[in-house]
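Heads up, the thing below is written out as structure tokens.
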Amino acid sequence: AEAAEGAALRAEILTERAKLLEERLGDAAGALAVYGAIFALAPEDPELALPAARAQDRLLTQADEPARLREVLYAEVRLDEDVAHKRDLYGRIGVLSETRLSDLPAAIEAYRQRLALDAADEEALIALDRLYERTEAYR
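So for the sequence shown, my numbering puts the first residue at 111; every next one is plus one.
This is the structure we're talking about:
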């Protein structure tokens, strides 16, 4: 319990530092590094890690770093318990994998995961149809 309190306090202090770096000093790269350190404090604790992952998501989207962004999106999926958020995240991973990283197998897997959350997800079905056709990986 003491370790968790220490991590929470450290995360709070580091969050203020990251906000200062980003908002006052315009140092997005520095803020990104600090949010990464916050995430590393307790990567399995949604209360600490999810806000840090969301901040990294925002900064990596702005910085146009698709490979690192995809890693963060997967961390968000793992930590977020909201099914609608998970669906959106898997959709973003699918689009990123297909269009920015040219990683069609990863795109297929992301849309499969999204479909597992909602078997009637029309967007995921359309994306899978397109990707299966592109890769000739018909079921």
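All C-beta atoms, glycine included, are put in the ideal place defined by N, C-alpha and C.
For residue j and residue i, believed in contact at Cβ under 8 Å, the rounded distance
| i | j | result |
| --- | --- | --- |
| Ala173 | Tyr145 | No, Ala173 and Tyr145 are not in contact; Cβ-Cβ is about 12 Å, not under 8 Å. |
| Leu131 | Ala141 | 4 Å |
| Phe149 | Ala138 | The pair is not a contact, with the Cβ atoms about 16 Å apart (cut-off 8 Å). |
| Gly204 | Arg224 | 7 Å |
| Leu179 | Asp167 | 7 Å |
| Ala220 | Tyr200 | 5 Å |
Best match in the options for proximity to residue i [C-alpha to C-alpha]
| i | options | result |
| --- | --- | --- |
| Leu170 | Ala159, Leu183 and Leu160 | Leu183 |
| Glu186 | Glu157, Glu175 and Ser212 | Glu157 |
| Pro176 | Leu206, Lys196 and Arg240 | Leu206 |
| Ala216 | Glu232, Asp231, Thr245 and Arg188 | Thr245 |
| Ala114 | Glu133, Glu126 and Glu154 | Glu154 |
| Glu233 | Glu133, Asp198 and Thr209 | Asp198 |
| Asp231 | Lys196, Ala247, Leu119 and Asp213 | Lys196 |
| Asp239 | Arg222, Arg180, Glu133 and Asp167 | Arg222 |
| Asp213 | Tyr242, Leu227, Asp190 and Leu119 | Tyr242 |
| Pro161 | Thr125, Val193, Ala247 and Arg202 | Thr125 |
| Val193 | Ile218, Leu227 and Ala143 | Leu227 |
Neighbour-count burial assignment, residue i, 16 or more Cβ in a 10 Å radius
| i | result |
| --- | --- |
| Ala128 | buried |
| Ala159 | buried |
| Ile123 | exposed |
| Leu51 | In the structure displayed, the chain extends from 111 to 249; residue 51 sits before or after that span and is not available. |
| Ile236 | exposed |
| Gly116 | exposed |
| Ala121 | buried |
| Glu112 | exposed |
| Glu133 | exposed |
Task: Unbroken stretches of the beta strand (DSSP E), 3 residues or longer, contained in the stretch 182–219 - done: Inside the stretch 182–219, DSSP marks no whole beta strand (DSSP E) run of 3 or more residues.
TODO: Output the residue ranges of the alpha helix (DSSP H) runs that lie fully inside the stretch 112–185 and measure 4 residues or longer, sorted by chain position.
DONE: 112–129, 138–151 and 156–173
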